[in-house]
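So the protein lines, in turn, are chains L and D.
Each residue of the first sequence is one higher than the one before, counting from 2 in my numbering.
Each residue of the second sequence is one higher than the one before, counting from 36 in my numbering.
Heads up, the thing below is written out as structure tokens.
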Amino acid sequence: MPAIIETKNLTKRYGKLIAVNDLSLNVEQGAIYGFVGPNGAGKTTTMRMITTLLQPTSGEARIAGYSVARDLRAVRRAIGYMPDFFGVYDDMQVWEYLDFFAACYEIPEATRTNLITDLLELVDLSHRRNDMVDSLSRGMKQRLCLARTLAHDPQVLILDEPASGLDPRARIEIRELLQELSRLGKTIFFSTHILADVAEICTQVGIVEAGRLVAEGSLEEMQRRIVPHRRLQVVLLSQAEQAQAALIGREGVIEVRVLENGASQKTQAAAQVLEVDFTGDDAAVSGLLKDLVGRGFPVLRFTESVHDLEDVFMHATKGIVS
Amino acid sequence: MGGDGGTEGGGSPMTAETAIAPPAPTKPARTPRNLRSYLTRNPVVLKELRGRMRGSRAFVLLTFHILVMSGFVLLLYTAYAASANAVYSGFSGQLLGKFVFGGIVTIELLLACFITPAITSSAVSGERERQTYDLLRTTLLSARSLVLGKLTAALLFVLLMLLTALPLQSLAFLLGGVAPEEVLISTGLLVATAYLFGAAGIFFSSLMRRTLGATVLTYAFALLATLGLPLLLMAVLPLSAFLFYSSPPPFLEAVLLYTFGLLVITNPIATAVTTEVLLIDRQTAFYFTQSISNGINLPFISPWLPFILFCFVLGTLMTLIGIQIVRRAER
């Protein structure tokens, strides 16, 4: 997959403060890239640099092959940028707002009318066409802003905190809209600190902290790399201590803990839970289970608990900023 | 603006796929064919005019403007009629015509000095404060289009205000005493003044981060240009009078006269008054001579011409610097 957003050693310094430090990231074409990090990690600064709004102190960034420092117009044609604030004019009607920005993208007057109809349809605002922008709710404003970023049919959408400040329903609507746009072939690069959004829709994740990219890859890759061991849960009818003793020292087993009441309430009172930190491939996991059963331990359930993104996030970031 | 009607029509629902079908290849023509295509091609002009003319704001402002002007003319008329009967030999329509015309032009000049900057001083800083500045800068809209669009829209509105005063001005034609060249010259002065002070507003607006700062600086500039000169003259005139009493050397006299002339052309009202005085006293709108103590005739140009040139040069300079400031990427 070719990278459509590419930064190399991107750095932004404000005096002594380093907002973005040697940041190199690659966003693949067609990806939904979640740019995650605590507040103040440099997400917005990075986005402002790749949208030509801010000049990097050093390093470079390319969008669809165009340099952010030199081919300003080509970059601006390729991107749709939504900042982390609404940026709406209060004295405008909804259609005028879209008409104005479409005109700013040099779309001829004759084609704008249909374009606006289609954009409003897409973000489900057709019924508010002639209302003042000011009268829209936050969620609607956010959808309108999203429609604005689509006016010139850009290849890449760069969205800064598209879901911040929205109620759960509006957030889900935005999320669905992003998935829809991804299906239509847009590459989406968005920053967020809502990890659920990332886990739900992202194909690629980059975690940034204190201006540095601390991890990048697909969600599964990151889980493997950052939290390298697997965590197995073994529910036994009894003999938890014996099983624990049997497992310790076995190849690949890092640690075995007996969880007191684990999942016992739901099943039998006697059930006991073992948590095993384990490194090894699927065959090794299977071998472990076979071994347990072979030794006559009464295994009730055997599951691998998947690390959620919060584990990954907490591992990757060390809380330098926050 | 007639834009509203045309864009309402096509309401057929489309699927999401067609929604972001690539727009027809755009061919931005660099040279506008006529005024209308220029106005509609620059999105900023269109947007500004739509916003400005929306609702009752513009209507109220224009009505208020005409009411004030009408009241002023009525006042002039009553005052003149009263004094004409008491002091002069009788009622002279021509003199009244001149009063009405001169009075209206003076007010309109002040309007051009102080209303235009009020509109333009928020042009760029207002976008910053509304946080739409970044949005605009990531579009293909050029800094030039943004700045010129704001300036054009502001000037068009001021022009509309000047136009609404035209019926009152034509009262002067009814009374007589106003020559066509006076009308042309005063129109030129008004437009040039509006341009200069509009450009000053744009300049300070792009220079300052906040509209408040931009407005303060713009009005400081406007006050300096309109009131600064009279204050300066009050300081200079006694000095020159003193020099004239002791019959200064001709060279110094010439320098003083030309300095005085240069000061006049930085001030719209001084320019208007001087031009009118020259029209009445010397019967000239362009060129005249002034003799000094040693008999040499110094050549002078009627101040309205250099004033318009001065406005154009300074205004254009300020606009260009404004464009440069907007164009410069944030560092």
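Each residue gets a CB set at the ideal place from its N, CA and C atoms; glycine is no exception.
Mapping the DSSP letters down to three states, classify residue i as helix, strand or coil.
i: asparagine 115(L); result: helix
i: serine 105(D); result: helix
i: glycine 60(L); result: strand
i: leucine 167(L); result: coil
i: isoleucine 304(D); result: helix
i: threonine 98(D); result: helix
i: aspartate 283(L); result: helix
i: glycine 81(L); result: strand
i: valine 69(L); result: coil
i: tyrosine 254(D); result: helix
i: aspartate 169(D); result: helix
i: aspartate 91(L); result: coil
i: isoleucine 175(L); result: helix
i: tyrosine 115(D); result: helix
i: isoleucine 159(L); result: strand
i: threonine 155(D); result: helix
i: valine 307(L); result: coil
i: arginine 163(D); result: helix
i: aspartate 316(D); result: helix
Have a look at residue i and residue j and give me their C-alpha separation to the nearest angstrom.
i: proline 57(L); j: isoleucine 19(L); result: 11 Å
i: alanine 203(L); j: leucine 220(L); result: It is cysteine, not alanine, that sits at residue 203(L) in the sequence shown. Using only the alpha carbons, I get a separation of about 8 Å.
i: glycine 233(D); j: leucine 186(D); result: 6 Å
i: phenylalanine 367(D); j: isoleucine 220(D); result: With chain D covering 36 to 366 only, the question about residue 367(D) has no answer from this structure.
i: valine 226(D); j: arginine 113(L); result: 34 Å
i: phenylalanine 342(D); j: aspartate 161(L); result: 50 Å
i: methionine 269(D); j: serine 160(D); result: 36 Å
i: threonine 371(D); j: threonine 301(D); result: This structure leaves residue 371(D) out entirely; chain D is present only between 36 and 366.
i: aspartate 282(L); j: glycine 288(L); result: 10 Å
i: valine 254(L); j: serine 165(L); result: 42 Å
i: tyrosine 98(L); j: phenylalanine 87(L); result: 12 Å
i: alanine 171(L); j: alanine 260(D); result: 54 Å
i: aspartate 278(L); j: histidine 230(L); result: 6 Å
i: proline 334(D); j: leucine 352(D); result: 28 Å
i: threonine 8(L); j: valine 313(L); result: 23 Å
i: leucine 175(D); j: arginine 77(L); result: 7 Å
i: glycine 218(L); j: arginine 232(L); result: 21 Å
i: leucine 267(D); j: phenylalanine 256(D); result: 15 Å
i: leucine 291(D); j: leucine 144(D); result: 27 Å
i: glycine 357(D); j: asparagine 77(D); result: 18 Å
i: valine 157(L); j: phenylalanine 298(L); result: 55 Å
Around the C-beta of residue i, are 16 or more other C-beta atoms found within 10 angstroms, so that it is buried, or is it exposed?
i: proline 67(D); result: With a pLDDT of only 48 at proline 67(D), under the threshold of 50, the placement of this residue in the model should not be trusted, and no figure is reported.
i: proline 84(L); result: buried
i: serine 306(L); result: exposed
i: glutamate 174(L); result: buried
i: methionine 88(D); result: exposed
i: valine 312(D); result: exposed
i: proline 152(D); result: buried
i: isoleucine 117(L); result: buried
i: isoleucine 249(L); result: exposed
i: alanine 42(L); result: buried
i: histidine 100(D); result: buried
i: glutamine 243(L); result: exposed
i: glutamate 216(D); result: exposed
With a Cβ-Cβ cutoff of 8 Å, do residue i and residue j count as a contact?
i: methionine 196(D); j: isoleucine 150(D); result: yes
i: threonine 155(D); j: serine 241(D); result: no
i: glycine 104(L); j: leucine 121(L); result: Per the sequence shown, the amino acid found at residue 104(L) is alanine instead of glycine. Cβ atoms of alanine 104(L) and leucine 121(L): not closer than 8 Å.
i: serine 65(L); j: glutamate 29(L); result: With the sequence shown as reference, residue 65(L) is identified as alanine, and serine is not the correct amino acid for it. For alanine 65(L) and glutamate 29(L), no; Cβs fall outside 8 Å.
i: glutamine 205(L); j: leucine 237(L); result: no
i: valine 37(L); j: isoleucine 189(L); result: no
i: arginine 251(L); j: glutamate 276(L); result: no
i: alanine 178(D); j: arginine 317(D); result: no
i: alanine 62(L); j: methionine 50(L); result: yes
i: serine 337(D); j: phenylalanine 347(D); result: no
i: serine 107(D); j: alanine 207(D); result: The sequence shown places phenylalanine at residue 107(D), not serine. No, these two residues do not count as a Cβ contact at 8 Å.
i: threonine 75(D); j: tyrosine 90(L); result: no
i: leucine 190(D); j: tyrosine 230(D); result: yes
i: asparagine 40(L); j: histidine 194(L); result: yes
i: glutamate 164(D); j: arginine 245(D); result: yes
i: leucine 224(D); j: threonine 306(D); result: yes
i: glutamate 392(D); j: alanine 188(D); result: The requested residue 392(D) does not occur in the structure, where chain D is confined to residues 36 to 366.
Comparing the C-beta of residue i with each C-beta of chain A, is any distance below 8 Å?
i: aspartate 316(D); result: Within the model displayed, chain A is absent; protein chains L and D are what it includes.
Entirely within the stretch 3-38 of chain L and at least 3 residues each: give me those beta strand (DSSP E) ranges in chain order.
4-15, 18-24, 27-29, 33-37
Where are the beta strand (DSSP E) runs, 3 residues long or more, that stay fully inside the stretch 190-266 of chain L, in chain order?
205-210, 213-218, 231-237, 254-260
What residue ranges within the stretch 205-252 of chain D form continuous alpha helix (DSSP H) runs of no fewer than 4 residues, ordered along the chain?
215-242
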